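To keep things clear, I will list the structure first and then write my remarks on it.
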Ligand SMILES: Cc1cc2nc3c(=O)[nH]c(=O)nc-3n(C[C@H](O)[C@H](O)[C@H](O)COP(=O)(O)OP(=O)(O)OC[C@H]3O[C@@H](n4cnc5c(N)ncnc54)[C@H](O)[C@@H]3O)c2cc1C
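Numbering (this note's numbering), first residue to last: 7 to 398.
Here is the structure:
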């Protein structure tokens, strides 16, 4: 085992969107940053690779070279019936392959001055002198602060003594290649979302240039295996039996962060899935990974400049900036997934309006809180009741 004594201001474990962007932001402000990942980059991550406009707006640089396609339209279906179609003249979802995006982001961090070590797994941390000794599969690294950007099963969280209560959804995703190369064009730059076919969840199709990324997710504890639902979804969408499913993978998605969670200690903090932030309706996590990286970068730079490793400010800022709005998203998710008969009726009748309102959220034009207040205003409730009575 090698033994490294290089001293870093910040050691970041996990080179996904959260860790790589944070490394970039800190290194751009002259912090000495080590970014490590147990996998060799580029590596795969089960993910639809859909970047919403609100996620892209959080990236401080262009990502053109890793864009796999754009979706200008979104179609939503309930039990196979179309309930919402939206078309925009700008991309509603920017499609990427995560192996390429994450590699690109880590490269940006290196260009900004961070040191990248891939194939290095975090094992443990020990306080040493005025800093920390980080034990890894490739030796010991010394730093002042440690960041856990190591995903939903964060080992760093445990090492920092942070008890993070996570609620999770199961997701699976596969890349579908068809013998007919023109096959993805059938979907014509249109992302599909299908409700009603998967218990407490949905299925999606994200067309990429030469294939389709297809996945299903479910928040139901009763659904242990998603593969049968994935296969049934392919059949329901007429995706031909001769299509090849490549890199089929399962992964957890954290939803509804627990208000009691403390996400920083005096030695470090958590970002992205490790901190438990993702959209409880859609499972979209990159927006929260990027936003968390911005917040973490400003708290860490303050701590480094003040000469103290004081990160107490982090949890309350995260709660205010991200957690608060997710409380409202969680309420919508509850209605959508736990009251399927009610939500199916409302969406079937009012899909267009609801879809437009939700598009406003993913475009970053409105918050879940404003959407909630609008819909559950007296006028909104009256409209829902009227609608339900009319459809009896
Ligand atoms: C099926 C599915 C589809 C999804 N689709 C979308 C989508 O279309 N759009 C969207 O915005 N979000 C989507 N998400 C959510 C999104 O993938 C995550 O929210 C996002 O990857 C979180 O980024 P992260 O940087 O926090 O963690 P991750 O991307 O999970 O990265 C964590 C990194 O830490 C590394 N690591 C772990 N342990 C260690 C260790 N001990 N030592 C060193 N390194 C370690 C891992 O190798 C990994 O590279 C999807 C999730 C799933 C499961």
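Even glycine gets a Cβ: it sits at the ideal position worked out from N, Cα and C.
Given the structure is predicted, the values throughout are model-derived calculations rather than measurements.
To the nearest angstrom, how far is the alpha carbon of residue i from that of residue j?
i, j, result
"residue 88", "residue 175", "25 Å"
"residue 192", "residue 306", "47 Å"
"residue 56", "residue 296", "14 Å"
"residue 313", "residue 114", "27 Å"
"residue 208", "residue 222", "6 Å"
"residue 31", "residue 246", "44 Å"
"residue 320", "residue 47", "29 Å"
"residue 379", "residue 323", "23 Å"
"residue 16", "residue 137", "10 Å"
"residue 373", "residue 144", "44 Å"
"residue 168", "residue 266", "11 Å"
"residue 198", "residue 251", "18 Å"
"residue 19", "residue 298", "15 Å"
Quick one: what's residue i bridged to in DSSP?
i, result
"residue 132", "139"
"residue 173", "261"
"residue 73", "102"
"residue 208", "201 and 223"
"residue 213", "218"
"residue 255", "179"
"residue 124", "43"
"residue 18", "41 and 153"
Can we count residue i as close to ligand 1, meaning its CB is less than 7 Å from some heavy atom?
i, result
"residue 295", "yes"
"residue 257", "yes"
"residue 230", "no"
"residue 97", "no"
"residue 290", "yes"
"residue 192", "no"
"residue 161", "yes"
"residue 400", "Examination of residue 400 is not possible in this model, given that the chain is present from 7 through 398 alone."
Look at the Cβ atom of residue i, then the Cβ atom of residue j, and state whether they are nearer than 8 Å.
i, j, result
"residue 224", "residue 204", "yes"
"residue 409", "residue 152", "Examination of residue 409 is not possible in this model, given that the chain is present from 7 through 398 alone."
"residue 45", "residue 124", "yes"
"residue 126", "residue 280", "no"
"residue 100", "residue 76", "yes"
"residue 184", "residue 249", "yes"
"residue 120", "residue 33", "yes"
"residue 260", "residue 158", "yes"
"residue 84", "residue 383", "no"
Tell me whether residue i is buried or exposed, calling it buried when 16 or more other Cβ atoms sit within 10 Å of its Cβ.
i, result
"residue 147", "buried"
"residue 401", "Within the shown structure, residues of the chain are numbered from 7 to 398, placing residue 401 beyond reach of any answer."
"residue 8", "Only weak support is given to the placement of residue 8: the predicted model assigns it a pLDDT of 45, under 50, and the question is left unresolved by the model."
"residue 271", "buried"
"residue 135", "exposed"
"residue 291", "buried"
"residue 347", "exposed"
"residue 303", "buried"
"residue 187", "exposed"
Hey, is residue i's beta-carbon within less than 8 Å of any beta-carbon in chain D?
i, result
"residue 55", "Checking the listed chains, one finds no chain D in this structure; it contains a single protein chain."
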